[in-house]
């Protein structure tokens, strides 16, 4: 499970904590994204991990690292303290972030990862942008692997309708798959296999319930660290996904689909049978953006029949 110790969290949230300068930077730099892992956290930039921070409990310090796989460009990696034992060490690392970003920019110019980059864009739009208070989904994690079913979800989220902001119990879990461009649909798209994995995951009671508890905890931490922007209720609310009997939502996002292409329409027609209009164990939706952008709203989530009808409307008219 993706969680961190209380002592780790203390050094992040308290102003005198060793890691607090990183949290301050995250609050003021929307090109970066924070994600909890199992005993450590990652900082993402353009969908790639620019830093990994883990705790050394015995020596009461933290180890920070930059993935050297991104340094295939000939640019020298700037020196920074790999052991964070004081706020000054952390501030020294923050000082080299622009240079690390430059290394990653150069790498991505030659080997792009648009799908992961747009995952981060979606998270920013819904969690911490000027319009995030008006959206109805909060992203808690990306690239979540489930060993029990040998699969992964691109994004985890919590749906919290604007009409229910005073009722934390009305939140529900959301599992998101992202495809960027029609090239990602080449060959067998894997939609049917992904839906089967979802069924298997929900049926695996232990893995599923543990994941729900983790998502609720991730939401709490992001909120307490002030890495999300939304109007708070006057009443203190605790997100509890496990006690909500409502079905989870499963969303497919087909970013930058070419409406003149028939590829996606044929996949929905041939690989997603009509039985998925109202599946027994989850609520299947397809995201259609509101004019432009990635702000996610319940009204933008179409069921199979409505989504297919939209795709069919794009067919070129006979002359």
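Residue numbers (the numbering used here): 33 to 351.
We put the beta carbon where it would ideally sit given N, CA and C, even for glycine.
Residue i: first and last residue of the uninterrupted beta strand (DSSP E) it sits in
| i | result |
| --- | --- |
| residue 77 | 72-77 |
| residue 67 | 64-68 |
| residue 121 | No beta strand (DSSP E) holds residue 121; the alpha helix (DSSP H) holding it covers 119-142. |
| residue 285 | 281-287 |
| residue 191 | 183-191 |
| residue 93 | 93-97 |
Residue interval of the alpha helix (DSSP H) (run including residue i)
| i | result |
| --- | --- |
| residue 175 | Segment 169-178 is the beta strand (DSSP E) holding residue 175; no alpha helix (DSSP H) there. |
| residue 59 | 52-60 |
| residue 277 | Segment: none, residue 277 is in no alpha helix (DSSP H) and carries neither H nor E. |
| residue 197 | From DSSP, residue 197 is part of no alpha helix (DSSP H); its letter is neither H nor E. |
| residue 299 | 295-303 |
Helix, strand or coil at residue i [DSSP, three-state]
| i | result |
| --- | --- |
| residue 114 | coil |
| residue 44 | helix |
| residue 83 | strand |
| residue 36 | coil |
| residue 202 | helix |
| residue 341 | helix |
| residue 88 | strand |
| residue 209 | strand |
| residue 315 | strand |
| residue 227 | helix |
| residue 244 | helix |
| residue 217 | helix |
| residue 334 | strand |
| residue 347 | coil |
| residue 163 | coil |
| residue 150 | helix |
| residue 259 | coil |
| residue 239 | helix |
| residue 253 | helix |
| residue 326 | coil |
| residue 100 | helix |
| residue 307 | helix |
| residue 234 | helix |
| residue 158 | helix |
Same chain, Cβ closer than 7 Å to residue i, neighbours up to 5 away in sequence not counted
| i | result |
| --- | --- |
| residue 99 | 81 |
| residue 227 | 308 |
| residue 351 | At residue 351 the pLDDT is 48, less than 50, meaning the model places this residue with poor confidence; the figure from the coordinates comes in the next sentence. Closer than 7 Å at Cβ, skipping near neighbours: no residue. |
| residue 79 | 145, 148, 149, 151, 152 |
| residue 279 | 313, 314, 315 |
| residue 192 | 168, 170, 203 |
| residue 210 | 147, 150, 151, 186, 187, 285, 287 |
| residue 343 | 296, 297, 300 |
Same chain, Cβ closer than 8 Å to residue i, neighbours up to 5 away in sequence not counted
| i | result |
| --- | --- |
| residue 336 | 300, 304, 306, 308, 309, 316, 318 |
| residue 126 | 53, 54, 57 |
Whether residue i touches residue j by CB criterion (9 Å)
| i | j | result |
| --- | --- | --- |
| residue 257 | residue 69 | no |
| residue 283 | residue 174 | no |
| residue 274 | residue 245 | yes |
| residue 328 | residue 167 | yes |
| residue 321 | residue 332 | yes |
| residue 104 | residue 72 | no |
| residue 77 | residue 133 | yes |
| residue 253 | residue 41 | yes |
| residue 44 | residue 155 | no |
| residue 39 | residue 89 | yes |
| residue 62 | residue 218 | no |
Sequence-distant residues of its chain with Cβ nearer than 6 Å to residue i (five each side left out)
| i | result |
| --- | --- |
| residue 110 | 128, 131 |
| residue 229 | 181, 183 |
| residue 46 | none |
| residue 157 | 326, 327 |
| residue 87 | 40, 94 |
Pairing CB atoms from the segment 296-306 with CB atoms from the segment 267-279, are three or more of them under 8 Å? Too few Cβ pairs lie closer than 8 Å, so no.
Is it true that the segment 37-50 meets the segment 114-123, where meeting means three or more beta-carbon pairs spaced less than 8 Å apart? Result yes; three or more Cβ-Cβ pairs closer than 8 Å.
Does the contact criterion of 3 or more C-beta pairs under 8 Å hold for the segment 246-264 versus the segment 284-296? Contact between the segment 246-264 and the segment 284-296 is absent, because fewer than three Cβ pairs lie under 8 Å.
Is there contact here, the segment 176-183 with the segment 142-154, by at least three beta-carbon pairs under 8 Å? With the rule of 3 Cβ pairs closer than 8 Å, the segment 176-183 does not count as touching the segment 142-154.
Check whether the segment 280-290 and the segment 209-229 touch, using three or more Cβ-Cβ pairs below 8 Å as the test. Touching, per the Cβ criterion.
Answer yes if the segment 34-45 comes into contact with the segment 244-255, meaning at least three C-beta pairs across the two stretches below 8 Å, and no otherwise. Remark: three or more beta-carbon pairs, one from each stretch, lie closer than 8 Å, so the segment 244-255 and the segment 34-45 are flagged as touching.
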